[in-house]
Ligand SMILES: [Zn+2]
């Protein structure tokens, strides 16, 4: 037993040394544990996306699709990840949700649209999700998981064979399903405000959206997104505190869009 534990520890240490170790998050400079490569995370994101597109209906609503593409592309430009294979899709799902998989696959559900008052509020949510991807929060979460799990499980994440199935299981959890840590959430909020501001959307819309969304807590429809994105006083305060920094990015944005298109509320 001890031998096995020692072996696992040795294995984990070896993987850590060979695969990398730490990196600092763009913009925030926070140091994070990183034992996977960005290209392998993006590959997992790609696989999860293909699976999702096979199993979930994409909406035919051209207004929603057009809005996500318009806002998403502006956020993608601001995120400065030309190596991503960006794609934007609206899935026919009642529960309000949105995510960005590693590598730039961005999704929103039809159910989230009634909660957006304008392009800028959508930019706040898309920016937040893209923030998770750019900060490689999924890779960080996997790396933390590796430390907690046995060496045998860790192996499959990197080699994909013979444990490809396990790696795939992780891939499906990569962006959408598992909650991130509080630290990662606040960081995604900051990156989201930076990206929306760089894209020319008024970052104040992040405050109005999350404040409004947090107050819907008793509405069961929004429970899923709220469970992974709790909106408490602390989070709203962090957003407010960051606003002056976000405004600096807004001031230098090449195109000012303000709130962008205003949606008619049903
Ligand atoms: Zn988040």
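Residue numbers (the numbering used here): 87 to 352. Even for Gly, the Cβ is constructed at its ideal location relative to N, Cα and C. Nothing here was measured: the structure is a model prediction, and the numbers come from that model.
Residue i CB to nearest heavy atom of ligand 1 below 7 Å
i, result
"residue 271", "yes"
"residue 113", "no"
"residue 274", "yes"
"residue 329", "no"
Whole-number beta carbon distance between residue j and residue i, since they are thought to touch under 8 Å
i, j, result
"residue 192", "residue 174", "5 Å"
"residue 188", "residue 152", "Not confirmed; about 25 Å, so no contact."
"residue 222", "residue 127", "6 Å"
"residue 343", "residue 286", "4 Å"
"residue 162", "residue 190", "7 Å"
Residue range of the unbroken beta strand (DSSP E) whose run includes residue i
i, result
"residue 175", "173–177"
"residue 216", "From DSSP, residue 216 is part of no beta strand (DSSP E) but of the alpha helix (DSSP H) over 205–220."
"residue 117", "117–119"
"residue 195", "191–195"
Reference residue i, options the options, closest by Cα
i, options, result
"residue 278", "188, 217 and 336", "217"
"residue 155", "182, 209 and 334", "209"
"residue 266", "112, 308, 316 and 203", "316"
"residue 166", "138, 113, 201 and 202", "113"
"residue 205", "157, 228 and 290", "157"
"residue 136", "307, 119, 171 and 314", "171"
Residue i and residue j closer than 8 Å at C-beta
i, j, result
"residue 284", "residue 329", "no"
"residue 183", "residue 310", "yes"
"residue 225", "residue 122", "yes"
"residue 281", "residue 213", "yes"
"residue 125", "residue 117", "no"
"residue 275", "residue 325", "yes"
"residue 215", "residue 195", "no"
"residue 347", "residue 291", "no"
"residue 143", "residue 177", "yes"
Range of the contiguous alpha helix (DSSP H) that encloses residue i
i, result
"residue 156", "148–165"
"residue 269", "268–284"
"residue 141", "124–141"
"residue 341", "It is not in any alpha helix (DSSP H) - residue 341 carries neither H nor E in the DSSP assignment."
beta-carbon residue i near ligand 2 non-hydrogen atom, thresh 7 Å
i, result
"residue 314", "Questions concerning ligand 2 fall outside what the structure shown contains, since the ligands it does hold are ligand 1."
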